[in-house]
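Take a look at the structure set out below.
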Amino acid sequence: MANVVLSNTSYKVVGTRPIRHDGADKVTGRAKYGVDVQMTGLLYGQVLRSPHAHARVKSIDTSKALAYPGVKAVLTGKDMPLAQKAEPDRNKRFASDNLMAQAKALYKGHAVAAVAASSQHVADIATGLIELNTMCSLL
10 MANVVLSNTS
20 YKVVGTRPIR
30 HDGADKVTGR
40 AKYGVDVQMT
50 GLLYGQVLRS
60 PHAHARVKSI
70 DTSKALAYPG
80 VKAVLTGKDM
90 PLAQKAEPDR
100 NKRFASDNLM
110 AQAKALYKGH
120 AVAAVAASSQ
130 HVADIATGLI
140 ELNTMCSLL
């Protein structure tokens, strides 16, 4: 089959091999990425999610997580105010419940609690210390 030229337009970059000015830094490991930046006072977060869909949240005990060294805050659905910016024709309580489960986890993986800590490792451990008591319901 013969080569067909669809356009006579010449491009400056397409079809060329431009010089990568950051190539040497990437290859040698000197390049800085977002994960390499350590900022003073930075907090790390972890979210505890519901293992069940349509489960009633009977209780959430965050006392052990709050007592763990390095934990700055633990947030649950009870700490979230009703969504004030919900559309006028929508139920504000539903909008708030969809952010973080309060009385009922709507779906598997629904956020139930969130931890803010001084490191990712501490946040992971503290999330495991939260005691979540749910009861599965059949619709």
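Note that the sequence shown covers residues 10 to 148 in this note's numbering.
Each residue gets a CB set at the ideal place from its N, CA and C atoms; glycine is no exception.
Review point. What are the boundary residues of the beta strand (DSSP E) that residue 54 is part of?
Key: 53-58
Exercise for review: Within 10 angstroms of the Cβ of residue 59, are there 16 or more other Cβ atoms? Answer buried if so, exposed if not.
Suggested key: buried
**Study point:** Endpoints, the alpha helix (DSSP H) within which residue 35 is located
**Key:** 32-37
Exercise for review: Please work out which residues of its chain come closer than 6 Å, Cβ to Cβ, to residue 140, disregarding the five sequence neighbours upstream and downstream, and give them in chain order.
Suggested key: 70
Exercise for review: Return the Cβ separation of residue 115 and residue 89 in integer angstroms, given the expectation that the two are a contact with Cβ distance under 8 Å.
Suggested key: That belief does not hold up - the Cβ atoms of residue 115 and residue 89 are roughly 14 Å apart, past 8 Å.
Practice item. Could you name the residues of the same chain whose beta carbon sits closer than 8 Å to that of residue 131, not counting the 5 residues immediately before and after it, in chain order? Key: 53, 77, 78, 79, 80
Point to revise | Three-state secondary structure (DSSP) of residue 75 | key: helix
Practice item. Would you please state the rounded distance, in angstroms, between the beta carbons of residue 124 and residue 55? I believe it to be under 8 Å. Key: 5 Å
Exercise for review: Give the DSSP-derived three-state secondary structure of residue 25 in the structure shown.
Suggested key: coil
Practice item. Leaving aside the five residues before and after residue 31 along the sequence, list all residues of the same chain whose C-beta is less than 8 Å from its C-beta, in chain order. Key: 40
Point to revise | Residue range of the unbroken alpha helix (DSSP H) whose run includes residue 131 | key: 129-138
Point to revise | For residue 66, three-class secondary structure by DSSP | key: strand
Exercise for review: Using only the heavy atoms of the ligand NAD, determine whether one of them is closer than 7 Å to the beta carbon of residue 41.
Suggested key: Among the components modelled here there is no ligand, and therefore nothing to report on the ligand NAD.
Review point. Between the Cα of residue 83 and the Cα atoms of 45, 57, 25, 18, which residue gives the shortest distance?
Key: 57
Practice item. Find out if the Cβ-Cβ distance for the pair residue 119, residue 110 is shorter than 8 Å. Key: yes
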